[in-house]
Amino acid sequence: AARNGHEAVVRLLLDRGTELETKDTSGLTPLSWAAQNGHEAVARLLLDRGAELKTNDPFSGLTPLSWAAEGGHEAVVRLLLDRGAELKTNDPFSGSTPLSWAAWNGHEAVVRLL
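So this is what it looks like as structure tokens:
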């Protein structure tokens with residue numbers, strides 16, 4: 006639901022006790038999926054419920070901030086920064102930071118934010 010931006014469904018699942026940090030078969034948490042796909046409302050809901058900002062994807066090593074920056078999702082990047090996401094986090098495989106992901110993919114507005 007988080008991957009596809011279904012805020013009402015995410016809210017219902019959380020209200021019924023679904024664990025915030027549950028990872029799917031790809032190793033991603035709901036916050037990582039929301040960040041990767043630019044779903045600001047879902048990301049905000051998850052953060053309001055206590056989702057962890059520092060969770061790394063076990064396959065790529067990316068944090069939610071790196072996913073949002075890589076995809077050029079300016080509103081999600083701003084939200085994550087406002088909530089205390091770390092700028093200087095390097096993913097363990099490529100050593101890339103959120104800034105380098107945004108720059109590599111040509112997301113000027115996100116580069117300016119970071």
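At the far end of the sequence shown sits residue 119, using this note's numbering, and the numbering has no gaps. From the three backbone atoms N, C-alpha and C, an ideal C-beta is built for every residue, glycine too. All of these numbers come straight from a predicted model, not from anything done at the bench.
Selected residue, minimal CA-CA separation from residue i, among the options
| i | options | result |
| --- | --- | --- |
| residue 37 | 8, 90, 79 and 78 | 8 |
| residue 48 | 30, 99 and 86 | 86 |
| residue 29 | 21, 64, 58 and 14 | 64 |
| residue 53 | 15, 100 and 109 | 15 |
| residue 41 | 22, 116 and 70 | 70 |
Pairwise C-alpha distance: residue j and residue i
| i | j | result |
| --- | --- | --- |
| residue 67 | residue 51 | 18 Å |
| residue 114 | residue 105 | 13 Å |
| residue 39 | residue 10 | 7 Å |
| residue 73 | residue 82 | 6 Å |
| residue 103 | residue 90 | 10 Å |
| residue 88 | residue 13 | 22 Å |
| residue 95 | residue 101 | 5 Å |
| residue 31 | residue 6 | 15 Å |
| residue 107 | residue 27 | 27 Å |
| residue 57 | residue 45 | 15 Å |
Unbroken alpha helix (DSSP H) run spanning residue i, endpoints
| i | result |
| --- | --- |
| residue 71 | 69–76 |
| residue 19 | 12–20 |
| residue 6 | That residue, residue 6, is in no alpha helix (DSSP H); it is neither H nor E in DSSP. |
| residue 119 | Looking at the DSSP string, residue 119 is not in any alpha helix (DSSP H), and its letter there is neither H nor E. |
| residue 104 | 103–109 |
Any non-hydrogen atom of the ligand FAD within 7 Å of residue i CB
| i | result |
| --- | --- |
| residue 40 | With respect to the ligand FAD, the structure shown offers nothing to examine, as it has no ligands at all. |
Inset, instruction - Could I get the ranges of all uninterrupted alpha helix (DSSP H) runs contained in the region 41–101, with 4 residues as the minimum, in chain order? - result: 45–53, 69–76 and 79–87
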